[in-house]
């Protein structure tokens, strides 16, 4: 240990004496280690760390799956299906969950996120209240109990962490709830929720809800039960349910129940982008290592005499290697310290750009585990960048090196090694640049996709009337929505105002089966089904979603008027291509809304599922005829979010507004999942490019310094500056060209990795590869051009005197 | 009769460059007794430094036998050679070869550190060695702050601190002015008188005369020996 400390002390002293070298090496390592640490903190929080639930290996997510519509679809379960799971003996516990927002009435009305869960949900997750209790199956039923659990955050903020909160009441959407428990710190499910309440299923309606799917379901397997056994048990259950309720499970739907590990359910969509980014950042670190290794090789050439002396007075090769590795470790530790500061600082920026799912899954931070990773990474990094230079430097010809007048030369093998490192840097840079280039082109293609409406100048506000004044009172809801549209329409600056229950690209979708008058299903073709939306008059005008045929909904299309509907062009293409469908009738396959509705208009397509997905067939109801539970008001004009809030709040001050923001922002959020890897990969590629440029510059400069006498001689015997520049450039660019070729091959070979992240572009797009190759070549010319120009200015007399 | 410390029998050193053989040393027979001061002289290119490198285990002979203290050392592994150098050989170079990043004390301490000696013992030995060369007052200085003569005295201290069997000096006054050169030679004389075995390469006949024996090299061969091998 004493020797190690001594070596470290010498190392630090030596590094201080060569500040230029030290700053360059430590900075490269800090950037590499810092970026890797930041990305690892995401990997750790999302893919490795416990998500706050007990014994995750026994947790599964259960979902509906339909395989009979040509494509496999599925997801949310209905309340009776969730309750059916209690009959599976392999499950220790199971429960359902859905997320909503409610008006919390206190000193003022405030909208808060509320989780609605069935009994058994917390038990399945293995989460026990810090104080109090959860609820019983009996308390799930309406009228049995109005109880609530509070999150730890709400417990701290709203009840000042006072355990006497248990027993207190809160009012959500006009209904009171008694707090019966406090959930533990750090617990979250599908993002933060302030309160959790039971479903309060009306027992008399429960059976009818078999066809209404909105619950996430979780189950905890008994010890020793495999997920395969659970899948088999779910298959049996599904088979029994299909037989028992044929009305809800049409044979052609091929309905079934599926299970997957709960972590996969939540991390599945972000896992691949995160792993791609982790791979990319490790490549950046590798480039940084190659850079530092190159610097060390140059430095060890200058220190050849010192190593020879150390060997002469008795240092074995192992001892010299250890000394050099310690020096490397000193640099890497400095790089780590700066890197962790950079990572901590950059993590907020990174998370701000990250998809919401990443932020909601876990608290991403630099904790002890991430620090431990950084330390291991630093040690491994040291070995990667310092071992080869150390082995080379310690292999010194002592007798020659100690001869008076001898001075360090790295020799042909070291020059080859340095060239190899630069070639590898160029190859990795091209690989990363190609990835980033493809994503940029893919994103640019996506940005040119029209959403089907004009988002500029439109502000949206979510309207969620809830509580005794609105629940099961469609007229009250209709009035609220009409008042809202009227209030905003009367604002100066409002050009067009409307509302819809689900905005395109908002991530909220709803589909139902329906019958189409005059449509003949082909044999084996499933019943028509598709996206349903409910729109108010003025919506399509406000969105500038052009009418193709017929008319838009009007104020006359109210509850007293004959039921009307609209469809989009995709619907027409799907069911009646090339025909005029105005006047055609549609009927929902539902007890409540089963009357025939006449199509009064056809509207152009909007990208309902996001810009990267084709527009689906959509069937629009007139919201005034059957007001939905919630709507999003849209207003075109010169209005701000504050204008909308000021106009809407007085309509019912007990109904706080949620999500008042420009539509462009919503559209932008829908691209977050694609923008995140693009931004980071782009940043990594730029970093790789800079490091490679530094590497090329360093090696070319070193080569010029080594050949100063030769260059002086060439100039003395008549070489022109251009010839000298050509001489230097040709040596440097040969290595770059080999690196470019290797990088291009690697990019083509690795293209499959990125394919799923691209839109409208091939993962082997030749234009992108050519463009990034040209960019890298240009950077290489500049990086080696500077020392080449310096070489051309060598004073032949001075150079020839250097010996 | 003093015991034999170094014995070279028919040692040769051949360099191969592009299939051309260069005989740097041929047919070297040399015996050095304990406590002897041997000077190796000869013109440039005669093989003096090569012979010294072989004697110091910095280079290997391509033929012949080489014993130190009765043990064959020609075919030792690199690690064993490092060990022998560290324990039994002290070097004094023409250009001092102090490590610029280390203080005077640390430079002298370095071979003892490599030997794995305990810190207290190291400290004692370094202080003794620096005292011996009159440089203890400069122990915290960096080499760059010393004159050439002072640096060479520190190099001598480093060479003797480990109490080696043999001291090898390669043109120890080559980079010094005459005053400092004489001071260093006086130091070497004192070491010899105290019992050290010294082998010194020099081109200066005046300094060679201070040795108890002189061997002259020419074209890689010993052409003349003067003086007595008795210590």
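Residue numbers (the working numbering), protein chains in the order written: chain A, 347 to 1149; chain B, 253 to 483. Cβ coordinates follow ideal geometry from the N, Cα and C atoms, glycine included. Given the structure is predicted, the values throughout are model-derived calculations rather than measurements.
By the criterion of Cβ-Cβ separation under 7 Å, what are the contact partners of residue i in chain B?
| i | result |
| --- | --- |
| residue 349 of chain A | 365 |
If you measure between the beta carbons of residue i and residue j, is that distance less than 7 Å?
| i | j | result |
| --- | --- | --- |
| residue 487 of chain A | residue 549 of chain A | yes |
| residue 830 of chain A | residue 822 of chain A | no |
| residue 690 of chain A | residue 712 of chain A | yes |
| residue 525 of chain A | residue 511 of chain A | yes |
| residue 979 of chain A | residue 845 of chain A | yes |
| residue 385 of chain A | residue 685 of chain A | no |
| residue 775 of chain A | residue 440 of chain A | no |
| residue 949 of chain A | residue 912 of chain A | yes |
| residue 778 of chain A | residue 1095 of chain A | no |
| residue 405 of chain A | residue 608 of chain A | yes |
| residue 389 of chain A | residue 710 of chain A | no |
| residue 982 of chain A | residue 841 of chain A | yes |
| residue 782 of chain A | residue 1027 of chain A | yes |
| residue 454 of chain B | residue 460 of chain B | yes |
| residue 1016 of chain A | residue 851 of chain A | yes |
| residue 807 of chain A | residue 375 of chain A | no |
Once DSSP output is grouped into helix, strand and coil, what is the label at residue i?
| i | result |
| --- | --- |
| residue 1005 of chain A | strand |
| residue 938 of chain A | In this prediction, residue 938 of chain A scores a pLDDT of 49, lower than 50, which makes its location untrustworthy; no coordinate-derived value is stated. |
| residue 501 of chain A | helix |
| residue 755 of chain A | Residue placement at residue 755 of chain A is poorly supported in this model, since its pLDDT is 48, which falls under 50; the coordinates still yield a value, given next. Correct three-state label for residue 755 of chain A: coil. |
| residue 891 of chain A | coil |
| residue 397 of chain A | coil |
| residue 883 of chain A | coil |
| residue 568 of chain A | coil |
| residue 477 of chain A | strand |
| residue 804 of chain A | strand |
| residue 944 of chain A | strand |
| residue 906 of chain A | coil |
| residue 259 of chain B | strand |
| residue 878 of chain A | strand |
| residue 606 of chain A | strand |
| residue 595 of chain A | coil |
| residue 982 of chain A | strand |
| residue 463 of chain B | coil |
| residue 483 of chain B | Low confidence applies here, because residue 483 of chain B scores a pLDDT of 48, under 50, leaving its location unreliable and the question unanswered by this model. |
| residue 1112 of chain A | helix |
| residue 312 of chain B | coil |
Report the neighbours of residue i on chain A: residues whose CB is nearer than 7 Å to its CB, in chain order.
| i | result |
| --- | --- |
| residue 415 of chain B | By Cβ distance, chain A contributes nothing, its closest Cβ being about 13 Å from residue 415 of chain B, past 7 Å. |
| residue 450 of chain B | The contacting residues do not exist; residue 450 of chain B stays about 17 Å from chain A at best. |
Strictly below 9 Å CB to CB, what residues from chain A border residue i?
| i | result |
| --- | --- |
| residue 410 of chain B | 659 |
| residue 257 of chain B | Those within 9 Å of residue 257 of chain B in chain A number zero; the least Cβ separation is about 18 Å. |
| residue 398 of chain B | Those within 9 Å of residue 398 of chain B in chain A number zero; the least Cβ separation is about 16 Å. |
| residue 377 of chain B | Correct list: empty, because the minimum Cβ distance to chain A is about 14 Å. |
Can you list the residues of chain A that residue i reaches, using a CB-CB cut of under 8 Å?
| i | result |
| --- | --- |
| residue 282 of chain B | None at all; the shortest Cβ gap to chain A is about 18 Å. |
| residue 371 of chain B | 348 |
| residue 334 of chain B | 657, 660, 661, 662, 663, 665 |
| residue 374 of chain B | Under the 8 Å cutoff, chain A gives no residues; its nearest Cβ is about 10 Å from residue 374 of chain B. |
| residue 260 of chain B | Chain A residues near residue 260 of chain B: none, gap ~16 Å exceeds 8 Å. |
So which residues of chain C does residue i contact, with C-beta pairs closer than 8 Å?
| i | result |
| --- | --- |
| residue 277 of chain B | Among the protein chains in the structure shown, which are A and B, there is no chain C. |
Sequence ranges, beta strand (DSSP E) only - wholly within the region 993 to 1053 of chain A, length at least 3
As for any beta strand (DSSP E) of minimum length 3 sitting wholly inside the region 993 to 1053 of chain A, the runs are 1004 to 1008, ordered along the chain.
With 8 Å as the limit, tell me which residues of the region 295 to 313 of chain B have their beta carbon closer than that to any beta carbon of chain A; keep them in chain order.
Against chain A - using a Cβ distance shorter than 8 Å - the residues of the region 295 to 313 of chain B are 301, 302, 305, 308, 310, 311.
In chain order, what are the residue ranges of uninterrupted alpha helix (DSSP H) at least 4 long that sit wholly in the region 267 to 307 of chain B?
300 to 307
What residues from the region 352 to 365 of chain A come within 8 Å of chain B, judged by C-beta to C-beta, listed N to C?
352, 356, 359, 360, 363
Got a sec: which bits of the region 643 to 666 of chain A sit with their beta carbon under 9 Å from any beta carbon on chain B, in order along the chain?
651, 652, 654, 655, 656, 657, 658, 659, 660, 661, 662, 663, 664, 665
Residues of the region 736 to 749 of chain A with Cβ closer than 9 Å to any Cβ of chain B, in chain order
743, 744, 745, 746, 748, 749
Just to confirm the assignment: which complete beta strand (DSSP E) runs, minimum length 3, are found wholly within the region 542 to 586 of chain A?
562 to 567
Closer than 9 Å, Cβ to Cβ, to anything on chain A: give me those residues from the region 339 to 354 of chain B, in chain order.
Listed in sequence order: 339, 341, 342, 343, 345, 346, 347, 349, 350, 351, 352, 353, 354.
With 9 Å as the C-beta to C-beta threshold (strictly closer), list the residues of the region 420 to 443 of chain B near chain A in chain order.
422, 423, 426, 427
Could you run through the region 316 to 331 of chain B and flag, in chain order, every residue whose CB is less than 8 Å away from some CB of chain A?
Listed by position, the residues of the region 316 to 331 of chain B near chain A (Cβ gap below 8 Å) are 330, 331.
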